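Student: The listed protein sequences derive, respectively, from chains A and X.
Counting in our numbering, the first sequence runs from 243 upward without gaps.
Counting in our numbering, the second sequence runs from 6 upward without gaps.
Can you keep this structure in mind? I'll have questions shortly.
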Amino acid sequence: MTILYFGQIQSITSLAKEEINGASNLIELKNKLIEKYPKLANANFVFSVNQKILEEATLKENDEVALLPPFSGG
Amino acid sequence: MDAAYFNRYQRQIQLQSFGLEGQQKLSEAKVLIVGMGGLGCPAAQYLVGAGVSKIGLVDGDKVDLHNLHRQVLYSTSDIGNSKVEVAKEKLEALNPTINIEAFEQFITPKNVLEIAEDYDILLDGSDRFATRYLLDNYCTLKKKVYVYGSVFEFEGQVALFNYALNKIAYNSIFQNPPKQSDVPSCSENGILGFLPSIIGNMQALEAVKYIAGLKETNDFELVHYNGLTQEIYKTTAQPNSNFIPPSSEQDILSFDYDVFCS
Numbered sequence: 243m244t245i246l247y248f249g250q251i252q253s254i255t256s257l258a259k260e261e262i263n264g265a266s267n268l269i270e271l272k273n274k275l276i277e278k279y280p281k282l283a284n285a286n287f288v289f290s291v292n293q294k295i296l297e298e299a300t301l302k303e304n305d306e307v308a309l310l311p312p313f314s315g316g
Numbered sequence: 006m007d008a009a010y011f012n013r014y015q016r017q018i019q020l021q022s023f024g025l026e027g028q029q030k031l032s033e034a035k036v037l038i039v040g041m042g043g044l045g046c047p048a049a050q051y052l053v054g055a056g057v058s059k060i061g062l063v064d065g066d067k068v069d070l071h072n073l074h075r076q077v078l079y080s081t082s083d084i085g086n087s088k089v090e091v092a093k094e095k096l097e098a099l100n101p102t103i104n105i106e107a108f109e110q111f112i113t114p115k116n117v118l119e120i121a122e123d124y125d126i127l128l129d130g131s132d133r134f135a136t137r138y139l140l141d142n143y144c145t146l147k148k149k150v151y152v153y154g155s156v157f158e159f160e161g162q163v164a165l166f167n168y169a170l171n172k173i174a175y176n177s178i179f180q181n182p183p184k185q186s187d188v189p190s191c192s193e194n195g196i197l198g199f200l201p202s203i204i205g206n207m208q209a210l211e212a213v214k215y216i217a218g219l220k221e222t223n224d225f226e227l228v229h230y231n232g233l234t235q236e237i238y239k240t241t242a243q244p245n246s247n248f249i250p251p252s253s254e255q256d257i258l259s260f261d262y263d264v265f266c267s
């Protein structure tokens, strides 16, 4: 599935998007991501699955998941 | 309606989907802009130009030289003066028919009830999470509309929250507030002036679309804009069953937003 990184999250991953497979739900995906990018464990973000903000979801290989952090600048 | 009114807003009125009806709705709307920086300046300028009947400006800061590249209402000769006083003067010159109220203070749980009382829509031009959570909670309680906007380097977020309509609040999406120290602000990470100007205008547009009834959907939408790639990512949200909205003014007054976000 395609993973999109925004804002401060992109500063951790150093890329805007990538393909990650083998996660069947958001919890598994989060664990996989933290394994790859340990700093994500302390990062603040919400998941958006196929353009819907969700706390829990089952995932399929063709899904698109974004990690959306809140911004504070103004 | 006099000739000057028609003449001033002619280009808006002749826009078919907006028309005289849209113009008259703006003439009854009241918008409070909290934070008169990079987001608040362009939002205020365009809302006053568009003919929103009453605009409140809230900011305790004074104009600084490093504000000028993005805070478009201020000039070099304004340095050291109150942002809201300078802005009020500039905005009154732009459109003397608008009622502009200046509050030279920072918004807090203690003063928000009084400052925001007369306004239907709160447009967030602040740069702190504590303020964002406070304004959103206040709007949820009072069934008002909260127009969120924020920037991070080349990216920005915009959303219009109307909890009374769709049960979505900023607080219900970002339930765990980040520590302010974890999310760099413009003063820490830097910003080009274009970004807050674009986002501030998108906020003002969201407010006007809501006021004039131009929004095609009641569904919540959060827009993420990237100025480097010119890409827009839009996402929706569902009501969050874990979210407990504030139920009284006491909930607003007694909540320590600074601790919540630290």
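Positions of the beta carbon are idealized from the N, C-alpha and C atoms, including for glycine.
All values derive from a computational prediction rather than experimental measurement.
Below 8 Å, can you find three or more Cβ-Cβ pairs linking the segment 100-114 of chain X to the segment 175-184 of chain X?
Tutor: No, the segment 100-114 of chain X is not in contact with the segment 175-184 of chain X.
Student: Here's the rule: buried if 16 or more other CB atoms are within 10 angstroms of the residue's CB, otherwise exposed. What is X/Ile-249?
Tutor: By the neighbour-count rule (16 or more Cβ atoms within 10 Å), X/Ile-249 is not buried but exposed.
Student: Can you confirm whether A/Asn-263, when its beta carbon is compared against all beta carbons of chain X, has any partner nearer than 8 Å?
Tutor: Chain X contact via Cβ: absent.
Student: Using beta carbons (cut-off 8 Å, strictly below), is A/Leu-310 in contact with chain X?
Tutor: For A/Leu-310, the answer is yes, since a Cβ of chain X falls inside 8 Å of its Cβ.
Student: Can you give me the C-alpha to C-alpha distance between X/Lys-220 and X/Ala-34, rounded to a whole angstrom?
Tutor: Cα-Cα distance, rounded: 16 Å.
Student: Taking contact to mean 3 or more Cβ pairs, one atom from each stretch, closer than 8 Å, check whether the segment 282-291 of chain A and the segment 162-172 of chain X are in contact.
Tutor: Touching, no, given that fewer than three Cβ pairs across the two stretches are closer than 8 Å.
Student: When the cut-off is 8 Å and only beta carbons count, does X/His-229 lie next to chain A?
Tutor: Yes, contact with chain A.
Student: Closer than 7 Å between beta carbons: that is the criterion. Which residues of the segment 100-131 of chain X meet it against chain A?
Tutor: The residues in question are Gly-130, Ser-131.
Student: Taking 8 Å as the cut-off, does the segment 262-280 of chain A touch the segment 300-307 of chain A (at least 3 CB pairs, one atom from each stretch)?
Tutor: Judged by Cβ distances under 8 Å, the segment 300-307 of chain A makes contact with the segment 262-280 of chain A, as three or more pairs qualify.
Student: Taking all protein chains shown into account, decide if A/Phe-248 is buried (16 or more other Cβ within 10 angstroms of its Cβ) or exposed.
Tutor: Label assigned to A/Phe-248: buried.
Student: Label X/Gln-255 either buried or exposed according to how many other C-beta atoms from any shown protein chain fall within 10 Å of its C-beta, with 16 as the threshold for buried.
Tutor: Under this definition X/Gln-255 is an exposed residue.
Student: Which one of X/Asp-224, X/Thr-234, X/Leu-233 has the shortest CA to CA distance from X/Thr-240?
Tutor: Of X/Asp-224, X/Thr-234, X/Leu-233, the residue nearest in Cα terms is X/Asp-224.
Student: Taking all protein chains shown into account, do 16 or more other C-beta atoms lie within 10 angstroms of the C-beta of X/Gln-76, making it buried, or fewer, making it exposed?
Tutor: Flag for X/Gln-76 reads buried.
Student: By the 10 Å Cβ neighbour count, where 16 or more other Cβ atoms means buried, how is X/Leu-258 classified, buried or exposed?
Tutor: Its Cβ having fewer than 16 others within 10 Å, X/Leu-258 is exposed.
Student: Go through its chain and collect everything with a Cβ distance to X/Cys-46's Cβ below 6 Å, but skip five positions before and after it.
Tutor: If we look at X/Cys-46 and ignore the five residues flanking it on each side, its Cβ neighbours are Gln-76, Val-77, Leu-78.
Student: Under DSSP, the beta strand (DSSP E) around X/Asn-104 begins and ends at which residues?
Tutor: That run of the beta strand (DSSP E) goes 104-108.
Student: So, with DSSP's three-state summary, where would you put A/Phe-289?
Tutor: It is a strand residue.
Student: Are X/Gly-161 and X/Ile-120 closer than 8 Å when you measure CB to CB?
Tutor: The answer is no: Cβ separation not under 8 Å.
Student: What number of angstroms, rounded off, separates the C-alpha of X/Asp-125 from the C-alpha of X/Ser-32?
Tutor: When rounded, the distance between both Cα atoms is 13 Å.
Student: Between the alpha carbons of X/Glu-122 and X/Leu-233, how many angstroms are there, rounded?
Tutor: Roughly 39 Å between the two C-alpha positions.
Student: Tell me where the beta strand (DSSP E) around X/Lys-115 begins and ends.
Tutor: Segment: none, X/Lys-115 is in no beta strand (DSSP E) and carries neither H nor E.
Student: At the level of alpha carbons, what is the spacing between X/Leu-96 and X/Gly-56?
Tutor: Going by the C-alpha atoms only, they are around 11 Å apart.
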